[in-house]
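Structure first, commentary second.
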Amino acid sequence: MRETSAHHWINNDYVAGSGPRTPVINPATGETIAEFAHATASEIDKAIEASTRAQREWWAMSALDRAAAMHRVADRMVEMSRTTGEVLTREMGKPFRESNWEGGASASSFRYYAEIARNEQGRVAGPAIAGQLHMVVKEPLGTIVSIVPFNFPILLFGWQAAAALAAGNAVIVKPSELTPMTLLTLMRAFDHLPAGLVQVVTGGAEVGQMLVAHEHTHGVAFTGSVPAAQAVARAASQRFKPALIEASGNDAFIVMPSAPMDAAVRGAAFAAFLNCGQVCTSAERFYVHEDVYDEFVTGLAAIAKSLRVGNGLEKIDVGPMASVRERDRVEKIVNRAVEQGANVVTGGRRPAALSAGAFFEPTVLEVSHDMDIMHGECFGPLAPVCKVRDLDEAIARANDSQLGLGANIYTEDLAEAFRAVNEIETGIVWVNTPLNDNDAIPFGGRKFTGAGRELGA
Numbered sequence: 251m252r253e254t255s256a257h258h259w260i261n262n263d264y265v266a267g268s269g270p271r272t273p274v275i276n277p278a279t280g281e282t283i284a285e286f287a288h289a290t291a292s293e294i295d296k297a298i299e300a301s302t303r304a305q306r307e308w309w310a311m312s313a314l315d316r317a318a319a320m321h322r323v324a325d326r327m328v329e330m331s332r333t334t335g336e337v338l339t340r341e342m343g344k345p346f347r348e349s350n351w352e353g354g355a356s357a358s359s360f361r362y363y364a365e366i367a368r369n370e371q372g373r374v375a376g377p378a379i380a381g382q383l384h385m386v387v388k389e390p391l392g393t394i395v396s397i398v399p400f401n402f403p404i405l406l407f408g409w410q411a412a413a414a415l416a417a418g419n420a421v422i423v424k425p426s427e428l429t430p431m432t433l434l435t436l437m438r439a440f441d442h443l444p445a446g447l448v449q450v451v452t453g454g455a456e457v458g459q460m461l462v463a464h465e466h467t468h469g470v471a472f473t474g475s476v477p478a479a480q481a482v483a484r485a486a487s488q489r490f491k492p493a494l495i496e497a498s499g500n501d502a503f504i505v506m507p508s509a510p511m512d513a514a515v516r517g518a519a520f521a522a523f524l525n526c527g528q529v530c531t532s533a534e535r536f537y538v539h540e541d542v543y544d545e546f547v548t549g550l551a552a553i554a555k556s557l558r559v560g561n562g563l564e565k566i567d568v569g570p571m572a573s574v575r576e577r578d579r580v581e582k583i584v585n586r587a588v589e590q591g592a593n594v595v596t597g598g599r600r601p602a603a604l605s606a607g608a609f610f611e612p613t614v615l616e617v618s619h620d621m622d623i624m625h626g627e628c629f630g631p632l633a634p635v636c637k638v639r640d641l642d643e644a645i646a647r648a649n650d651s652q653l654g655l656g657a658n659i660y661t662e663d664l665a666e667a668f669r670a671v672n673e674i675e676t677g678i679v680w681v682n683t684p685l686n687d688n689d690a691i692p693f694g695g696r697k698f699t700g701a702g703r704e705l706g707a
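In my numbering, the protein residues as written are 251 to 707.
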């Protein structure tokens, strides 16, 4: 990481940052692996000047050439996936196979949007007056600010950047303070594009605010917490910039008696413990019909106990939390649940053999709906399970949230499935297949989850 440590990627080159520096910590070992520099106002100005020039050059290219360039980005991302995957695992802890997967998944978004870029730029409308031709021409905004979180930096950057580039824009990305080296390393996949078209400036919230508030940026794509999303939206509104906001989730997972229990339990474990529960669409509230409640809890606890926890570069199933701060936050959530009467079926502790890192055991709890754990984003390896009488109660409980990103239901009753799809107040409902995204399907939520949609055309 020597090439990227304490650098930005500006005008297609690594540029040493002149601002204050912050260490990057491997959450599995506690070791410092790099530093990132907090971008200064002058460095941000330089990046925006470069993006303005590059965007004009990019938009002047033919749609066919832009599409070909984006396909080349996708090829390079796949070629680099092992390299970027190792950096990502060292930065935030997820198992290497999941980090390696991100490169190919993000490349898929670039291929999808490359074809949109080649084929879509507007439409012709029937004229209001005979003899005229009325056209709608889609034009780029200019420079888009992309602010991505630590949990899926390659994937979510791809969702935002691919759409922006396909529409003819330039992109400046501000990565999370926990995973800056991953996106800096990835920039070699973009070095064939016009210099300055895709850039990375590192730093904290203050850098994101400077980028969003700058008079020469023209749109924002943000993924993160609700408070941070609100701050970004307020800053963007001062200049009436369009802002695509994807904030927190608190997804419900409903299990009905007709569900094949083995599939439901395995799906629940995947939805709760993938990436140590650090997924915006993680299942965080389990509502299980009383007829199958005991069987479900027993099965889910058995899987949780069997998961291997450890360093993501080794043969494990679940890595650490992304930081000690995140681990401590999740620990407090569990302790509060126990204070309120929750029963910890399994987990709930720091693994004794892994004291050096930010580890926390996959945890299954029996809870009631009124507990705090059911009314805020956990974002950790927790599966709180609540017993319900019927589907009416399950849907009512699922909707009793200020967040509305996704939800899951396991059932073999088609009427129950359609009721869940129609009545649960979220942007996404998965039936018998959790966390299944599609480049061609819009992704986003309702309520305090945010505004706008990623993916889709």
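Just so it is clear, CB atoms sit at the ideal spot from N, CA and C, and this is done for glycine as well.
Find the nearest neighbour of residue i within the set the options, judged by alpha-carbon distance.
i	options	result
V635	E534, N682, G569	E534
A313	G562, P390, P692, G597	P390
S532	T548, V638, N686	N686
T282	R599, A378, P273	P273
M621	Q590, L461, V529, A602	Q590
L433	F520, E616, I260	I260
G191	D640, T661, S396, N649	In the structure as shown, the chain starts at 251 and stops at 707, and residue 191 therefore has no counterpart that could be examined.
R586	C628, I294, A646	C628
A317	Y362, L563, E293	Y362
V395	I422, I495, S359	I422
Q459	A478, V529, L443, V617	A478
V584	T613, I566, V574	T613
I504	A380, R368, E666	E666
A355	I566, D689, V679, G702	D689
K296	D315, Q449, A471, S651	Q449
C530	V387, N401, L383, A481	N401
Within this structure, are the beta carbons of residue i and residue j separated by less than 7 angstroms?
i	j	result
V374	M385	yes
D663	S556	no
A364	M311	no
F693	E704	yes
D501	A657	yes
A414	M327	no
P684	A521	yes
L405	E336	no
P425	A304	no
T435	T302	no
L653	G474	no
D567	R558	yes
F523	I495	no
K388	G376	no
V457	A493	no
T661	M506	yes
What whole-angstrom Cβ distance do residue i and residue j have, given they're in contact under 8 angstroms?
i	j	result
A417	G446	Between G446 and A417 the Cβ distance is about 17 angstroms, and since that is not below 8 angstroms, they are no contact.
V580	G630	3 angstroms
L655	T596	Between T596 and L655 the Cβ distance is about 27 angstroms, and since that is not below 8 angstroms, they are no contact.
P277	A608	4 angstroms
H468	K491	6 angstroms
L615	L632	7 angstroms
V476	A463	Actually they are not in contact, since the Cβ atoms of V476 and A463 sit about 20 angstroms apart, beyond 8 angstroms.
L338	T429	7 angstroms
A256	E299	Actually they are not in contact, since the Cβ atoms of A256 and E299 sit about 22 angstroms apart, beyond 8 angstroms.
A606	G392	That pair is no contact at about 46 angstroms.
A646	V617	Actually they are not in contact, since the Cβ atoms of A646 and V617 sit about 16 angstroms apart, beyond 8 angstroms.
N525	E341	N525 to E341, Cβ: 13 angstroms. No contact.
Tell me the DSSP secondary structure of residue i in three-state form.
i	result
G527	helix
Q305	helix
E336	helix
F286	strand
P634	strand
N593	strand
P273	strand
S605	coil
F536	strand
S396	strand
T432	helix
I659	strand
I566	coil
E704	strand
F360	helix
A375	strand
M460	helix
L615	strand
M311	coil
H321	helix
- Is the number of C-beta pairs between the stretch 483 to 494 and the stretch 444 to 453 that are closer than 8 angstroms three or more? no
- Item | the stretch 265 to 277 / the stretch 401 to 415 touching (three or more Cβ pairs under 8 angstroms) | no
- Query: Counting Cβ pairs, one atom from each stretch, are 3 or more of them under 8 angstroms apart for the stretch 507 to 527 and the stretch 541 to 549?
  - Reply: yes
- Item | Inter-stretch contact (C-beta, 8 angstroms, three-pair minimum) for the stretch 284 to 301 and the stretch 558 to 574 | no
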